[in-house]
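Novice: Each residue of the sequence shown is one higher than the one before, counting from 2 in this note's numbering. Every residue, glycine too, gets a C-beta built ideally from N, C-alpha and C. A quick note: this is a predicted structure, and the numbers were derived from the prediction, not measured. Handing you a structure now.
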Amino acid sequence: MKLYYYINTGHRVGLDRLRRSAPVIAALTEAGLDVTMLTNDFRAGEYAKERFGIRKYVSVDVVRNIANIATPGDALVFDSEEENRAMWNEMAEYFKAFVRISDDPDDFVSAGEGLVSSVKEGEGILHTDIVAPEYFEPSEHGKGFWYFWGDDDYERKLTALAEAFEKTGISLLEGYYFFMQYGDELAERFASVEESEHYDEILKGADRFFTSSPQSALEALAADSNPVFIPKPGTSGHWKNKMESYGIPVAEAFTKEAIRPFLEEVVVPGRKVLRKDAACAVARYIKDKLS
2 MKLYYYINTG HRVGLDRLRR SAPVIAALTE AGLDVTMLTN DFRAGEYAKE
52 RFGIRKYVSV DVVRNIANIA TPGDALVFDS EEENRAMWNE MAEYFKAFVR
102 ISDDPDDFVS AGEGLVSSVK EGEGILHTDI VAPEYFEPSE HGKGFWYFWG
152 DDDYERKLTA LAEAFEKTGI SLLEGYYFFM QYGDELAERF ASVEESEHYD
202 EILKGADRFF TSSPQSALEA LAADSNPVFI PKPGTSGHWK NKMESYGIPV
252 AEAFTKEAIR PFLEEVVVPG RKVLRKDAAC AVARYIKDKL S
């Protein structure tokens, strides 16, 4: 039996799901399972190889093509909100084992599937937030204030919002899928701009890490980089609740007035504690579903 791990990635959805799934795949591989990562585009697979050391990956352009690669005797982990309940039920019937990773507060477990949820608790559900263990390791700070929109901005929404950062001393960390020269377009609004390849170095070393990526906010929390979450327009309200549950402050809007208080205030997160072993816990949950 092979285990396939599908992750919704790409220039329109970013890499948040990949960043949390990669350490789970590493833990599953270390446990002796034959895992192949499935992504929506080749670049995401290349990133996973370079950043996380994941060697086995295949690109699938649409979800239904997974069945062209996997067989009914295989297992599938599905980190995506794509398709619908009917499709998920078909997957649960088709594969020997089927586990979904979900951020939907209204989600529930259907027959024949497992569910790992970042927001929902209940019988048969593993409720946890996944952050790679390395972010919990001590790191040296002093790199100043940084902002990370996320890995994707296909519609260039940040250009209309970036004025909020002008003359604040906040620098921009580019996203992996940013267009060529997009950072140059935004440069006049930020103190400086760094390419995405410096993501880990900057996130771990920031004195304050402003971000609109929920996953990056959690990683910055683990790294003691004083995260501040700035929701993108249209972001679901449950992410604000998630941040507040961890003590991560939320800037309510892309305005200088909303951001300025966090340039002076000492942020002390910690109402709820992230689990350093979450990736291993999810790997054990998945492995149990295979037996």
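1) From Trp147 to Ile171, what distance separates their C-alpha atoms?
2) Take Phe191 as the anchor and find which of Ser213, Ser197, Ala163 has the nearest alpha-carbon.
3) Are at least three pairs of beta-carbons, each pair with one atom in the segment 24-32 and one in the segment 224-243, less than 8 Å apart?
4) Looking at the structure shown, is Glu175 part of a helix, part of a strand, or coil, going by DSSP?
5) Return the bridge partner residues of Leu4 from the DSSP annotation.
6) Going by C-alpha to C-alpha distance, which of Tyr247, His239, Tyr200 sits closest to Leu219?
7) Three or more C-beta pairs under 8 Å: does that hold for the segment 143-162 against the segment 175-188?
8) Which residue comes first and which comes last in the alpha helix (DSSP H) that contains Thr160?
9) Can you name, in chain order, every residue of its own chain whose Cβ lies under 7 Å from the Cβ of Lys57, other than the five neighbours on each side?
10) Do you know offhand how far Ile260's Cα is from Trp240's?
11) Extract the residue ranges of the beta strand (DSSP E) inside the segment 55-136, only unbroken runs of 3 or more that lie entirely within it.
12) Under DSSP, the alpha helix (DSSP H) around Trp296 begins and ends at which residues?
13) Hey, would you say Leu187 sits closer than 8 Å to Thr169, going by beta carbons?
14) Return the chain-ordered list of same chain residues with a C-beta closer than 8 Å to the C-beta of Thr236, the five sequence neighbours on each side being excluded.
15) At a cut of 8 Å, does the segment 134-149 reach the segment 106-125 through at least three beta carbon pairs?
16) Looking at C-beta atoms only, is the number of pairs between the segment 275-288 and the segment 127-135 that lie closer than 8 Å three or more?
17) On a CA-only basis, which of Tyr5, Arg65, Ser197, Glu47 is nearest Leu34? Give me that one, please.
18) Specify the secondary structure class of Phe210 as computed by DSSP and reduced to three states.
19) Keeping to the same chain, check which residues put their C-beta closer than 6 Å to that of Ala93; ignore five residues upstream and five downstream.
20) Work out the CA separation of Ser140 and Ala207 for me, nearest whole Å.
Specialist: Taking the structure as given:
1) Counting from one through the sequence shown, the residue named residue 147 turns up at place 146. Counting from one through the sequence shown, the residue named residue 171 turns up at place 170. Taking the straight line joining both Cα atoms gives about 5 Å.
2) The residue you call residue 191 lines up with position 190 of the sequence shown. Comparing Cα-Cα distances from Phe191 to each of Ser213, Ser197, Ala163, the minimum goes to Ala163.
3) no
4) Numbered from its first residue, the sequence shown carries residue 175 at position 174. Reduced to three states, the DSSP call for Glu175 is coil.
5) Residue mapping note: residue 4 aligns to position 3 of the sequence shown, counting from 1. For Leu4, which the question treats as bridged, DSSP gives the partners Val36, Ala76.
6) For the purposes of this step, residue 219 is taken as the residue at position 218 of the sequence shown. The residue with the shortest Cα to Cα distance from Leu219 is Tyr247.
7) Segments in contact, yes.
8) Along the sequence shown, one-based indexing puts residue 160 at 159. Segment 159-162, the alpha helix (DSSP H) holding Thr160.
9) As a working mapping, residue 57 is identified with position 56 in the sequence shown. Hits under 7 Å: Val36, Thr37, Met38.
10) Working through the sequence shown from its first residue, we reach residue 260 at position 259. Working through the sequence shown from its first residue, we reach residue 240 at position 239. Cα to Cα, the separation comes out at about 18 Å.
11) Within the segment 55-136, the complete beta strand (DSSP E) runs of at least 3 residues are 58-60, 76-80, 98-103, 115-118, 126-128.
12) For the chain, the structure presents residues 2 to 292; residue 296 sits outside this window and is missing.
13) Locating residue 187 in the sequence shown gives position 186, where the first residue counts as 1. Locating residue 169 in the sequence shown gives position 168, where the first residue counts as 1. Pairing Leu187 with Thr169 gives a Cβ-Cβ distance that is not under 8 Å.
14) Start at 1 with the first residue of the sequence shown, and residue 236 comes out as number 235. Contacts found: Ser213.
15) no
16) At 8 Å Cβ cutoff, the stretches touch.
17) As a working note, residue 34 is residue 33 in the sequence shown. The residue with the shortest Cα to Cα distance from Leu34 is Tyr5.
18) Here residue 210 corresponds to residue number 209 of the sequence shown, with the count starting at 1. Here Phe210 sits in strand by DSSP.
19) Here the question's residue 93 lines up with position 92 in the sequence shown. Excluding sequence neighbours, Ala93 sits near Phe99, Gly113, Glu114.
20) By one-based count along the sequence shown, residue 207 stands at place 206. By one-based count along the sequence shown, residue 140 stands at place 139. Each residue's alpha carbon lies about 10 Å from the other.
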